[in-house]
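Anchor point for the sequence shown: position 391 equals 391 in our numbering, and the numbering is continuous, going up by one each time.
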Amino acid sequence: MTSLNQVAPRIAKLTALSIGVALLATACGGSSTPTSTSGSASAKAAGIACPAPSAGAGAGASQAAGNAGPVPASTTTTPTALKIGSLLPTTGSLAFLGPPEIAGVNLGIKEVNDAGGVLGKPVEITHRDSGDTKTDIATQSTTALLGQGVSAIVGAASSGVSKTVINQITGAGVVQFSPANTSPDFTAWDDKGLYWRTAPSDVLQGKVLGNYMATCGAQTVGMIVLNDAYGTGLAKNVQAAFEAAGGKVVAQELFNEGDSQFSSQVDKVIAAKPDAIALITFDQAKSIVPLMTGKGVKPTQMFLVDGNMSDYSKDFQAGTLKGAQGTIPGTFAKDNFKKQLLAIDPALKDYSYSGESYDAVNLIALAAEAAKSTKGVDIAKNLKAVSEGGEKCNSFPSCVTLLRNGKDIDYDGQSGPVTFSDAGDPTEAYIGIYEFQDDNNYKPVKEEFGKL
């Protein structure tokens with residue numbers, strides 16, 4: 001892993017960035033009002049009151065009209081087709097995120113190729129499993145993708161997994177474009193300008209979640225945290241925001257990837273009698289939640305994050321998570337986009353990071369068109385340009401039509417407005433807030449918008 005001391009020049013680019021979140025309301029959106037808990041859990045939790053939610057903001061990105069006419073042919077034909085690989089989880093602790101991300105990639109590829117491809121040739125896609133940090137699957141998959149001559153790799157989903165392959169990918173002159181990495185560490189990585197992401201840094205998600213728990217009336221918070229780049233980074237930012245709002249973190253217990261026993265962490269957090277408990281985990285929540293509810297913790301005290309916001313309808317008894325809430329970076333998936341994704345994968349149940357994956361494919365394809373090249377280094381040099389300063393567009397056909405007519409473009413996508421910093425991070429984004437229903441699946445409550 002690259003030392004932060006080696007990347008001071010890139011850090012300097014970011015010192016002028018300020019962080020702000022425009023909260024859409026001063027009250028929490030959950031619909032359930034908790035009662036006093038029994039056993040070890042804090043009776044003060046009865047003070048957490050989340051009023052009935054208003055309709056979701058649904059603002060999303062500023063959407064321009066799509067291209068109504070035929071897409072003009074490219075004036076430049078590439079001798080080498082654009083090859084994109086995906087490095088997304090089909091196994092491991094984030095496997096539940098794989099289907100929506102892969103569907104987003106495949107939808108993007110379909111639309112690009114339906115519009116004639118990039119520089120006169122269809123885009124080629126190869127999917128590989130990223131696994132998780134307990135295995136070496138990501139390294140093996142990356143080696144295979146690089147061996148096939150890909151110019152860009154969409155993935156990984158896990159920040160911890162990306163840390164194991166980022167130097168391998170960028171060192172080969174290939175773009176790594178993650179739809180879901182949120183660790184702040186990547187902002188300052190020495191990636192030669194080749195690492196990009198459509199998911200915002202956890203600086204933003206942490207700020208939103210920390211503030212949100214405070215608006216729900218929590219004065220104290222306990223946290224159970226995955227001890228990796230994602231977990232500890234997000235926890236740090238949640239704590240900073242919660243304490244800035246006047247709250248106090250009274251317990252923080254860590255566990256490692258691969259652990260299967262969590263009773264010690266749960267007992268220590270509950271013993272601190274927090275008003276609310278933040279679960280910053282991956283699918284370990286399947287084991288942690290029953291331990292907590294078995295000791296009297298109410299679901300309305302629980303706040304989850306993107307790493308564990310999943311459909312638990314087959315895992316828990318009805319009502320187990322009713323009233324629990326959580327955050328996922330990105331705007332709410334729109335109905336038409338969901339229909340398009342379901343046409344790609346009819347079994348899809350979750351849409352997390354599908355928009356970010358779709359946008360990653362579009363941006364890579366548009367940057368290749370702008371560069372008139374399918375080389376990774378040339379694509380990277382044009383990613384920022386196609387995301388800002390030109391005429392608004394929101395699909396490959398509409399955007400590439402403008403490019404081929406000599407216009408500058410400003411792509412805004414399904415994940416929201418897309419504008420990159422010099423470090424390859426989104427400079428503005430939505431964080432969605434969701435609430436679990438009686439079936440242990442979640443529905444949108446509202447969106448928070450913030451700038452980095």
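Every residue, glycine too, gets a C-beta built ideally from N, C-alpha and C.
_Taking 8 Å as the cut-off, does the region 398-413 touch the region 280-290 (at least 3 CB pairs, one atom from each stretch)?_
no
*Measuring CB to CB, does Ile433 end up less than 9 Å from Val208?*
Position 433 of the sequence shown, counting from 1, holds the residue named residue 433. Position 208 of the sequence shown, counting from 1, holds the residue named residue 208. Result yes, Cβ atoms of Ile433 and Val208 sit closer than 9 Å.
*Can you list, in chain order, the residues of its chain whose CB lies under 6 Å from that of Ala81, leaving out five sequence neighbours each side?*
Residue mapping note: residue 81 aligns to position 81 of the sequence shown, counting from 1. The residues are Lys121 and Glu124.
*Take Ile137 and list the residues in its own chain whose beta-carbon comes closer than 8 Å to its own, dropping the five residues that flank it on each side.*
On the sequence shown, position 137 is the one that residue 137 refers to. Once the five neighbours on either side are set aside, the close Cβ partners of Ile137 are Thr91, Gly92, Asp129, Ser130 and Gly131.
*If we count the other Cβ atoms within 10 Å of its Cβ and call it buried at 16 or more, is Gly246 buried or exposed?*
Your numbering for residue 246 matches position 246 in the sequence shown. Under this definition Gly246 is an exposed residue.
*When the distance is taken between beta carbons, is Thr300 closer than 9 Å to Ala272?*
Locating residue 272 in the sequence shown gives position 272, where the first residue counts as 1. Locating residue 300 in the sequence shown gives position 300, where the first residue counts as 1. Cβ distance not < 9 Å, so Ala272 and Thr300 don't count as in contact.
*asked:* Going residue by residue through the region 193-278, where are the continuous alpha helix (DSSP H) segments of at least 4 residues, counting only ones entirely within it?
replied: 202-215, 229-244 and 263-271
*With respect to the beta strand (DSSP E) encompassing Met309, which residues constitute its N-terminal and C-terminal limits?*
Translated into the one-based positions of the sequence shown, residue 309 becomes position 309. That residue, Met309, is in no beta strand (DSSP E); it is neither H nor E in DSSP.
*Which residues does DSSP pair with Thr91 in a beta bridge?*
Here residue 91 refers to the residue found at position 91 of the sequence shown. Partner(s): none; Thr91 has no beta bridge.
*asked:* With H, G and I counted as helix, E and B as strand and the rest as coil, what does DSSP make of Glu124?
replied: Translated into the one-based positions of the sequence shown, residue 124 becomes position 124. Strand, per DSSP.
_Sequence-distant residues of the same chain with beta carbon closer than 8 Å to Val418, five excluded per side_ = Taking the sequence shown and counting its residues from 1, one reaches residue 418 at position 418. Within the same chain, Val418 has close Cβ partners Ala61, Thr198, Asp359, Leu363, Ser387, Tyr411, Asp412 and Pro426.
*Between the C-alpha atoms of Gly294 and Val266, what's the straight-line distance to the nearest angstrom?*
One-based indexing of the sequence shown puts residue 294 at position 294. One-based indexing of the sequence shown puts residue 266 at position 266. Roughly 11 Å separates the two Cα atoms.
*Please confirm whether Glu257 and Thr133 have their CB atoms less than 9 Å apart.*
Position 257 of the sequence shown holds residue 257. Position 133 of the sequence shown holds residue 133. For Glu257 and Thr133, yes; Cβs fall inside 9 Å.
*Would you say Gly326 and Phe396 are within 9 Å of each other, going by their C-beta atoms?*
Against the sequence shown, residue 326 aligns to sequence position 326. Against the sequence shown, residue 396 aligns to sequence position 396. Contact flag unset, no.
_Which of the three DSSP states is assigned to Gln140 in this structure?_
Stepping through the sequence shown from its first residue, residue 140 is reached at position 140. Here Gln140 sits in helix by DSSP.
*Take the Cβ of Asp306 as the centre, count every other Cβ of all protein chains shown within 10 Å, and call the residue buried at 16 or more, exposed below.*
The residue you call residue 306 lines up with position 306 of the sequence shown. So Asp306 counts as buried.
*Residue environment, Gln148, which counts as buried when at least 16 other CB atoms sit within 10 Å*: The residue labelled residue 148 in the question sits at position 148 within the sequence shown. The residue in question, Gln148, is exposed, as its Cβ has fewer than 16 Cβ neighbours within 10 Å.
*State yes or no: is the C-beta of Gly173 within less than 9 Å of the C-beta of Lys375?*
Locating residue 173 in the sequence shown gives position 173, counting from the first residue. Locating residue 375 in the sequence shown gives position 375, counting from the first residue. At the C-beta level, Gly173 and Lys375 come within 9 Å of one another.
*Since Ile328 is in the beta strand (DSSP E), which residue starts that stretch and which ends it?*
Taking the first residue of the sequence shown as 1, we reach residue 328 at position 328. Looking at the DSSP string, the run of the beta strand (DSSP E) that includes Ile328 is Gln325 to Pro329.
*What three-state label does DSSP hand Tyr358 in the structure shown?*
Looking up residue 358 in the sequence shown gives position 358. Three-state DSSP puts Tyr358 in a helix.
*DSSP beta-bridge partners of Ser178*: Start at 1 with the first residue of the sequence shown, and residue 178 comes out as number 178. Partner(s): Arg197.
*Measuring alpha carbon to alpha carbon, tell me which of Gly231, Ala244, Ser260 and Ala276 ends up nearest Ala251.*
Numbered from 1 along the sequence shown, position 251 holds the residue referred to as residue 251. The residue among Gly231, Ala244, Ser260 and Ala276 with its C-alpha nearest the C-alpha of Ala251 is Ala276.
*Neighbourhood of Ala229 by C-beta, 8 Å cutoff - its chain only, sequence neighbours within 5 removed*: One-based indexing of the sequence shown puts residue 229 at position 229. If we look at Ala229 and ignore the five residues flanking it on each side, its Cβ neighbours are Ser159, Gly160, Lys163, Ser183 and Asp185.
*Under a Cβ-count criterion, where at least 16 other Cβ atoms within 10 Å of its own Cβ denotes burial, should Ala188 be classed as buried or exposed?*
Stepping through the sequence shown from its first residue, residue 188 is reached at position 188. When all chains shown are included, Ala188 counts as buried.
*Excluding five sequence neighbours on each side, which residues of the same chain lie with their C-beta closer than 7 Å to the C-beta of Ser178?*
Counting from 1 along the sequence shown, the entry for residue 178 is found at position 178. So the qualifying residues of the chain are Gly155, Ala156, Ser162, Arg197 and Ala199.
*Return helix, strand or coil for Glu428, following the three-state DSSP convention.*
Taking the sequence shown and counting its residues from 1, one reaches residue 428 at position 428. Correct three-state label for Glu428: strand.
*Is DSSP giving Glu101 helix, strand or coil here?*
Looking up residue 101 in the sequence shown gives position 101. Glu101: helix per DSSP, three-state reduction.
*Could you check if Asp422 is buried or exposed, using at least 16 other CB atoms within 10 Å of its CB as the buried criterion?*
Numbered from 1 along the sequence shown, position 422 holds the residue referred to as residue 422. Asp422 comes out exposed.
*asked:* Could you tell me the alpha carbon to alpha carbon distance between Thr76 and Ala367, rounded to whole angstroms?
replied: As a position in the sequence shown, residue 76 is number 76, starting the count at 1. As a position in the sequence shown, residue 367 is number 367, starting the count at 1. The straight-line gap from Cα to Cα measures roughly 14 Å.
*Taking only the alpha-carbon atoms, compute the straight-line gap between Gly406 and Val377 and give it to the nearest angstrom.*
In the sequence shown, counting from the first residue as 1, residue 406 sits at position 406. In the sequence shown, counting from the first residue as 1, residue 377 sits at position 377. Taking the straight line from one Cα to the other gives about 22 Å.
*asked:* Within 10 Å of its beta-carbon, does Ser38 have 16 or more other beta-carbons around it, so buried, or fewer, so exposed?
replied: Taking the sequence shown and counting its residues from 1, the one referred to as residue 38 is at position 38. Because the pLDDT of Ser38 is 35, which lies under 50, any placement of that residue in the model is unreliable, and the number read from its coordinates should be weighed accordingly. Residue environment for Ser38: exposed (fewer than 16 other C-beta atoms within 10 angstroms of its C-beta).
*So, helix, strand or coil for Ala152, using DSSP?*
Residue mapping note: residue 152 aligns to position 152 of the sequence shown, counting from 1. Correct three-state label for Ala152: strand.
*Assuming Gly206 contacts Val238 (C-beta within less than 8 Å), just tell me the rounded distance between them.*
Your numbering for residue 206 matches position 206 in the sequence shown. Your numbering for residue 238 matches position 238 in the sequence shown. The Cβ separation is near 4 Å, so the contact holds.
*For Asp350 versus Ser313, is the C-beta spacing smaller than 9 Å?*
If you number the sequence shown from 1, residue 350 lands on position 350. If you number the sequence shown from 1, residue 313 lands on position 313. Taking 9 Å as the Cβ cut-off, Asp350 and Ser313 do not qualify as a contacting pair.
*Pro397, enclosing alpha helix (DSSP H) - first and last residue*: Stepping through the sequence shown from its first residue, residue 397 is reached at position 397. Residues Phe396 to Arg404.
*Would you give the residue range spanned by the alpha helix (DSSP H) that Pro290 belongs to?*
As a working mapping, residue 290 is identified with position 290 in the sequence shown. Counting along the chain, the alpha helix (DSSP H) containing Pro290 begins and ends at Ala285 to Thr293.
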